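Sequential numbering of the sequence shown, starting at 1, is according to full-length UniProt numbering.
Beta carbons: idealized from backbone N, C-alpha and C, even for Gly.
Note that the structure is a prediction, hence the values are computed from the model and not measured.
See below for the structure under consideration.
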Amino acid sequence: MRRLISLLRGPRALSLGAQAAGAILGFAGFAMVARALSPEAFGAWVLYLTVATFFDMLRSGLVQAALVQRASGAAPEASDQSFGAAWALALGVTALVASGGFGAGAMGGAGVFWTAFAAFPALMVGGLGHTVAAWRAQAEERFGRVLALRLAVSVLFVVAVVLMRDGLTVGALAWTHAGIHGAVSLFAIGLGWARPRLVRLARGTEIRALLRFGRFSAVTTVGANLLRSADALILGAVLGPAAVALYGVPQKLVEAAEVPIRGLAVAAFPALARSARAGAHDAFRSRLWRDVGGLTLLLLPAAVLGWVFAPEATAFLGGEAYAEAGAAFRWFLLYALLLPLDRFLGLALDALGRPQLNTLKVGAMLAANLAGDALALSLGFGVTGVAAVTVGMTAVGVLVGLWLLSREVPLARAGAVLPMVVGSR
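In structure tokens, the structure reads:
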């Protein structure tokens with residue numbers, strides 16, 4: 001119990017709050033837009049957000065983890081050089097992506113999607129300031145700033161949707177969305193949270209150091225996105241849209257488990273990187289096992305309830321037609337219990353400055369997932385079989401991650417892990 005309470009204190013509480021607030025307000029905005037737009041227009045908006053989110057995650061994957069790993073606990077002069085290099089790299093990536101988006105928009109058609117996509121370059125440029133500010137806040141463990149930035153974007157978007165609801169169009173929504181990101185970036189720069197002037201301190205050696213790390217993080221980010229979408233794409237191709245819907249409802253329910261995992265991962269990464277840089281293996285192991293154990297204990301009661309009421313839970317979210325997805329939901333609950341260990345093993349490899357090993361881990365998971373899906377569908381196990389493969393794929397990630405991590409840091413024996421998990425520090 002003391003371990004669970006400690007998860008909700010200090011920087012961890014702020015990081016969890018940022019993730020939870022973003023998730024709740026994001027869901028509210030999503031629901032309001034869905035009700036205000038026609039199905040065709042809403043589909044175009046979702047597709048636009050999917051494209052925009054992918055490129056934003058690619059930019060963050062290239063820079064964020066590398067920056068936090070190098071800047072956490074570093075001397076002020078060294079960290080300023082890292083932030084300057086991050087600004088230079090982020091500006092270059094943003095210019096490249098925004099230019100490509102502008103060209104694609106100019107060659108695009110006249111459909112609803114392209115009406116929204118016209119705002120994509122402005123969104124990438126407008127969001128750069130608060131994105132870098134959030135990276136810097138994570139490296140300095142100032143999670144109150146991360147919370148403020150997330151709240152600002154989410155609250156302003158919800159307010160804008162409410163104000164525009166009667167005359168809402170996809171084009172107006174996309175430009176308003178880009179404008180909100182630009183306004184929050186100006187807010188972050190004005191408060192001195194982003195410090196774009198540090199770009200003058202950028203050095204080629206530091207930029208290359210970020211790129212050496214970031215190229216693997218970017219590939220890992222793309223691989224992780226493929227892990228999330230591959231099942232739906234395969235089910236859609238083999239069994240059709242109805243199977244995708246039957247799979248998507250329990251998957252959406254389990255996404256709630258990712259909120260505390262992401263929140264604690266953001267808070268844990270700087271501390272793990274600092275311990276790794278100092279060679280403090282005991283502190284590194286202790287932090288890793290305590291956070292994994294605390295998160296697993298936090299998710300366990302919800303998983304038990306979900307297991308008992310699986311048909312009711314899926315019917316509540318999707319309607320009575322989805323009650324049969326309860327079997328798949330039970331497999332997803334087992335997957336959720338493996339998630340903390342899987343995610344934190346990848347985080348630990350990044351913190352040690354071994355992003356290529358995390359990329360290898362994700363690659364092994366992707367291979368296991370594709371092979372498992374093919375086998376499950378060929379044997380006629382359908383949606384439930386694909387959900388079971390998700391558990392197996394995550395178990396592969398855990399085993400590969402433990403093996404790779406044990407080659408870098410001596411891991412505690414099983415009997416020594418429990419005291420770390422239940423420790424109160």
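Quiz item: Looking at residue 32 and residue 161, is the spacing between their C-beta atoms short of 8 Å?
Solution: One-based indexing of the sequence shown puts residue 161 at position 161. One-based indexing of the sequence shown puts residue 32 at position 32. Closer than 8 Å, so yes.
Self-check item: Of the residues 139, 154, 123 and 68, the one placed nearest residue 20, counting alpha carbons only
Solution: Residue numbering aside, residue 20 sits at position 20 when the sequence shown is read from its first letter. For the residues 139, 154, 123 and 68, the minimum Cα distance to residue 20 belongs to 154.
Quiz item: Ends of the alpha helix (DSSP H) at residue 353?
Solution: Here residue 353 corresponds to residue number 353 of the sequence shown, with the count starting at 1. Boundaries for residue 353: no alpha helix (DSSP H) harbours it, and the DSSP string shows neither H nor E there.
Quiz item: Based on Cα-Cα distance, which residue from 58, 17, 368 and 139 lies nearest to residue 83?
Solution: Position 83 of the sequence shown holds residue 83. For residue 83, the nearest C-alpha among the options comes from 139.
Quiz prompt | Backbone CA spacing between residue 283 and residue 274 [nearest angstrom] | solution = Locating residue 283 in the sequence shown gives position 283, where the first residue counts as 1. Locating residue 274 in the sequence shown gives position 274, where the first residue counts as 1. Each residue's Cα considered, the two are about 10 Å apart.
Quiz item: Taking just the CA atoms, how far does residue 377 sit from residue 239?
Solution: Start at 1 with the first residue of the sequence shown, and residue 239 comes out as number 239. Start at 1 with the first residue of the sequence shown, and residue 377 comes out as number 377. Each residue's alpha carbon lies about 9 Å from the other.
Quiz item: Do the stretch 357 to 370 and the stretch 389 to 396 make contact, defined as three or more Cβ pairs closer than 8 Å?
Solution: yes
Quiz prompt | Simplified DSSP assignment, three categories, for residue 313 | solution = Stepping through the sequence shown from its first residue, residue 313 is reached at position 313. In this structure, residue 313 counts as helix in the three-state DSSP scheme.
Self-check item: Member of 322, 279 and 207 whose CA lies at the smallest distance from the CA of residue 252
Solution: Your numbering for residue 252 matches position 252 in the sequence shown. It is 322 whose Cα lies nearest to the Cα of residue 252.
Exercise. Indicate whether residue 94 and residue 59 have their beta-carbon atoms separated by less than 8 Å.
Key: Walking along the sequence shown from the start, residue 94 turns up at place 94. Walking along the sequence shown from the start, residue 59 turns up at place 59. Yes, the pair counts as a contact, with Cβ atoms nearer than the cut-off.
Exercise. Round the Cβ separation of residue 386 and residue 233 to the nearest angstrom and send it over; I've been treating them as touching at under 8 Å.
Key: Here residue 386 corresponds to residue number 386 of the sequence shown, with the count starting at 1. Here residue 233 corresponds to residue number 233 of the sequence shown, with the count starting at 1. Not a contact, Cβ separation roughly 11 Å.
Quiz item: Nearest CA to the CA of residue 292: which residue from 324, 280, 332 and 337?
Solution: As a working note, residue 292 is residue 292 in the sequence shown. Measuring from the Cα of residue 292, the nearest candidate turns out to be 337.
Quiz item: Where does residue 260 sit, in a helix, a strand or coil, going by DSSP?
Solution: Locating residue 260 in the sequence shown gives position 260, where the first residue counts as 1. Helix.
Quiz item: Are residue 276 and residue 362 touching if we call contact CB-CB under 8 Å?
Solution: For this step, residue 276 is matched to residue 276 along the sequence shown. For this step, residue 362 is matched to residue 362 along the sequence shown. Their beta carbons are not under 8 Å apart, which means residue 276 does not touch residue 362 by this criterion.
Exercise. Could you please give the first and the last residue of the uninterrupted alpha helix (DSSP H) stretch that includes residue 409?
Key: Walking along the sequence shown from the start, residue 409 turns up at place 409. From DSSP, residue 409 is part of no alpha helix (DSSP H); its letter is neither H nor E.
Quiz item: So, helix, strand or coil for residue 359, using DSSP?
Solution: Taking the sequence shown and counting its residues from 1, the one referred to as residue 359 is at position 359. In this structure, residue 359 counts as helix in the three-state DSSP scheme.
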